[in-house]
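Its first residue numbered 21, the sequence shown is counted upward by one per residue in the numbering used here.
Encoded as structure tokens, the structure appears first; notes follow it.
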Amino acid sequence: MVQYYNDGARENLGYSRLEIIGRYVVELYPSLDEARRVMTAMRSPEHGGPGRVVNFPTTFVAKDGHELDVAISGVILLRRRTRRSRARSASRRTSPS
21 MVQYYNDGAR
31 ENLGYSRLEI
41 IGRYVVELYP
51 SLDEARRVMT
61 AMRSPEHGGP
71 GRVVNFPTTF
81 VAKDGHELDV
91 AISGVILLRR
101 RTRRSRARSA
111 SRRTSPS
């Protein structure tokens, strides 16, 4: 999901912050294949380290439908599991069905 949206992206893509924050980032790419290519790069050590990309070339689709070549920098944000959520997961695995 989109968690951060800068002014440059807003000006070039045409979406307001309210329209884009919380949306799935895959919606910004022209194809699922392109979104997968970026996610593969984010998981590899070659483009900024595992979990991130720095100035990675890709294409976004603007609000008006035109494709825009961009270079993105981003990170994969992981939600940290709390002791309580780990305990709930463990209890689900051990509960009889």
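Ideal Cβ positions, reconstructed from N, Cα and C, are used throughout, including at glycine.
On a predicted model such as this, the values are computed, not experimentally measured, just so you know.
Checklist entry - Looking only at C-alpha atoms, which of 66, 21 and 48 sits nearest to residue 87? => result 48
Checklist entry - How would you call residue 73, buried or exposed, if buried means at least 16 neighbouring beta carbons within 10 angstroms? => result buried
Next on the checklist: For a test of the three-state rule: what should DSSP assign to residue 33, helix, strand or coil?
Outcome noted: Looking at residue 33 - three-state DSSP - the assignment turns out to be helix.
Checklist entry - Got a sec? Which residues, its chain only, sit under 8 Å from residue 93 by beta carbon, not counting five neighbours each side? => result 68, 72, 73, 74, 75 and 76
Checklist entry - Opposite residue 91 in the DSSP bridges: which residues? => result 77
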